[in-house]
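Q:
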Amino acid sequence: MKLRVDLLDAELGDLRVVFIPQKVAEELDLIPGGKARLYVNSRETTVLIAVNGSQGKVLRLSKKLFKELGEPKEVDLKPHIVPASVTYIRKKLDKVKLGEKEIFEIIKDVVSGVLTDVEIAAFVSAQLSVGMDINEIIYLTKAMVGTGNVLKFDKPVYDIHSIGGVPGNSKVSIVAVPTIASAGIFIPKTSSRAITSPAGTADTMEVFAPVEFTADEVTELAKKVNGFIIWGGTLGLAPADDILIKVEYQLRVDPVSQMVASILSKKLSMSVQNLLIDIPTGREAKVESLKEARNLASLFTQVGNGLGLSIRVGITYGGQPIGYAIGPALEAREALESLMGKGPTSVREKATAIAGLILEMAGQAPKGAGKKVAKEILRSGKSLEVFKEMVNAMGGNPEVKPEDIEVGKHRVEIKAPMDGYVTGVYNKPLTIIARAAGAPVDKGAGILLHVKRGHKVKEGQVLMEIYSNSAPRLQEATKLVSTLKPISIEGMLLETYPEYV
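The opening residue of the sequence shown carries number 1 in the numbering used here; numbering runs sequentially from there.
Shown next as structure tokens:
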């Protein structure tokens with residue numbers, strides 16, 4: 001049935017709900033809360049039905065859904081028919097391996113809006129409970145690439161990607177990318193914003209320059225500089241990934257098969273041919289054991305090779321934060337300091353190790369000597385010079401200094417309660433506290449550590465500072481310190497026995 005479109009005077013977020021008159025619902029045999037198929041030109045999407053008392057053949061929808069559908073004046077509404085992709089999801093839940101066409105149909109329906117959040121959640125849950133083999137992950141990755149845009153470049157494309165999970169890690173790419181580009185290697189890095197961490201690489205890079213570009217603007221950027229760091233969310237690359245991530249976030253799950261497909265699909269959509277995957281490993285990282293890291297490295301390699309990628313995996317230390325800064329602006333300061341040859345050793349060490357592996361892959365350094373060559377590039381000032389060119393091309397201020405970068409105007413110091421040694425600096429509590437302070441939405445919020453594991457401290461010595469632009473948020477973040485205990489200190493005397501004599 002053809003219906004005229006009208007806008008609701010209300011916002012419904014991501015809910016795909018449309019309001020129709022009672023007579024229209026009766027004619028199409030639709031019930032409140034039920035599903036229907038909505039057609040706009042050649043596009044089909046599934047919506048939920050709400051019934052109101054209006055007259056005529058009019059369909060009301062939110063401004064967000066109206067814009068998403070291309071601002072139509074008229075739509076075609078039909079009764080819901082269960083799509084074939086739902087049958088394939090049920091097959092996966094029954095532990096049946098899916099073929100390439102079946103997986104493509106599922107992803108196509110995810111992107112087009114045919115599948116509801118509940119059906120998508122079932123697909124994610126099937127991956128978590130049943131799993132996928134190598135071929136299924138390859139099919140999944142291909143489907144995610146095939147249902148989105150692919151950017152093409154006229155030179156070999158290299159990239160690096162960390163699976164994350166360690167606070168302070170976003171600054172590594174900001175040092176590594178210009179180091180790689182300094183060697184004449186083309187590295188158009190698309191990065192994500194933080195979902196559960198205090199700062200994604202795109203969040204930290206945005207402190208220096210805009211990170212949102214159109215596909216045409218990215219093509220122009222590539223003509224100006226050998227490397228850049230941008231947010232991939234505006235490019236329409238593997239759009240299924242963004243939809244699946246929203247569902248994963250609500251379920252608080254991240255199936256390995258989906259993570260691998262997510263990362264590789266985004267890279268293939270940027271025509272990456274040579275990829276370095278960083279797997280941080282250690283206590284409270286996403287991957288805690290070396291055995292688990294090796295298994296994941298093998299999975300990435302097998303799937304990558306099956307997709308025609310030249311892929312290498314680096315397993316890195318992730319048992320405590322990288323550097324001392326956590327949060328976009330604080331990490332931006334530390335990244336710039338590192339590019340200037342200062343900053344924490346751990347940042348420079350990891351960035352040059354990652355960059356060195358790419359230099360070896362590109363034939364710009366002998367096997368085993370990549371890190372040494374990368375260190376020399378960084379020491380010479382070439383990395384900083386290329387970073388300035390990158391920031392300038394992206395529309396930022398290339399002459400910004402670390403002290404120019406504004407951090408949260410409110411600050412509190414956390415001090416040592418006793419003399420002793422730092423026995424632990426814990427990733428998860430620090431992440432929770434930094435996010436409570438406002439990171440990454442508040443670019444100036446975060447944590448500046450003063451100590452790391454093994455440091456000797458005196459009673460009253462500052463262990464860390466928490467920053468925020470919101471006094472109430474800073475207060476809440478500070479309260480969490482006593483319960484989460486992000487830093488542990490022990491003296492030489494651990495306990496006495498018996499306790500009393």
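We put the beta carbon where it would ideally sit given N, CA and C, even for glycine.
Note that the structure is predicted; figures quoted are calculated from it, not measured.
Report all residues from its chain with a CB closer than 6 Å to the CB of G318; omit the five preceding and five following residues, and keep chain order.
A: For G318, where only same-chain residues beyond five positions count, the Cβ hits under 6 Å are V166, P280, T281, G282, A285.
Q: Determine contact between the segment 143-158 and the segment 114-127, defined as no fewer than three beta-carbon pairs at a distance below 8 Å.
A: Contact between the segment 143-158 and the segment 114-127 is absent, because fewer than three Cβ pairs lie under 8 Å.
Q: Tell me the DSSP bridge mates of H410?
A: In the DSSP output, where bridge partners are listed per residue, H410 has S468.
Q: Along the chain, which unbroken stretches of the beta strand (DSSP E) at least 3 residues long are found entirely within the segment 16-94?
A: Qualifying beta strand (DSSP E) stretches, in chain order: 17-21, 35-40, 43-52, 58-61, 74-79.
Q: Considering F228, what are the terminal residues of the alpha helix (DSSP H) in which it resides?
A: Careful: F228 lies outside any alpha helix (DSSP H), inside the beta strand (DSSP E) at 227-231.
Q: Return the bridge partner residues of G424 from the DSSP annotation.
A: Paired residues: S488.
Q: Using 7 Å as the threshold, is the C-beta distance between G438 and S468 below it?
A: Yes.
Q: List the whole-angstrom C-beta distance separating G343 from A445, where the pair is believed to meet the contact cut-off of C-beta under 8 Å.
A: Actually they are not in contact, since the Cβ atoms of G343 and A445 sit about 20 Å apart, beyond 8 Å.
Q: In whole angstroms, what separates the C-alpha of M361 from that of A181?
A: M361 and A181: Cα-Cα distance of roughly 13 Å.
Q: According to the Cβ coordinates, are V177 and I229 closer than 7 Å?
A: Yes. Within cutoff.
Q: Which class does L449 belong to by DSSP, given the choice of helix, strand or coil?
A: Here L449 sits in strand by DSSP.
Q: Would you call the segment 191-199 and the segment 373-384 touching, i.e. three or more CB-CB distances under 8 Å?
A: No, the segment 191-199 is not in contact with the segment 373-384.
Q: If you count every other CB in all the chains shown that lies within 10 Å of the CB of S383, and 16 or more means buried, which is it?
A: Flag for S383 reads buried.
Q: Might you give, ordered along the chain, the residues of its own chain that have their beta carbon closer than 8 Å to the beta carbon of P32, omitting 5 neighbours on each side?
A: The residues are A25, I49, A50, V51.
Q: Could you spell out the range, first to last residue, of the beta strand (DSSP E) harbouring P188?
A: Segment 187-191, the beta strand (DSSP E) holding P188.
Q: Where do the N-terminal and C-terminal ends of the beta strand (DSSP E) with V114 fall, by residue?
A: From DSSP, V114 is part of no beta strand (DSSP E); its letter is neither H nor E.
Q: Under 8 Å by Cβ, that's how I've got Q364 and I160 pegged, so tell me the actual separation to the nearest angstrom.
A: Their Cβ separation, rounded to whole angstroms, is 14 Å, which puts Q364 and I160 out of contact at 8 Å.
Q: Taking the continuous beta strand (DSSP E) assigned at V5, which residues delimit it?
A: Run containing V5: 2-7, per the beta strand (DSSP E) assignment.
Q: At a threshold of 6 Å, does T116 count as lining the ligand FAD (C-beta to nearest heavy atom)?
A: Within the structure as shown, the ligand FAD is missing, as the structure has no ligands at all.
Q: Where does G314 sit, in a helix, a strand or coil, going by DSSP?
A: Three-state DSSP puts G314 in a strand.
Q: In angstroms with no decimal places, state the Cα-to-Cα distance between P447 and T87.
A: The residue you asked about is not Pro; residue 447 is Ile in the sequence shown. Near 48 Å, if we compare the C-alpha coordinates of T87 and I447.
Q: Compare the Cα-Cα distances from G131 to each of A369, E403, L357, M259 and report the closest residue.
A: Answer by Cα proximity: M259.
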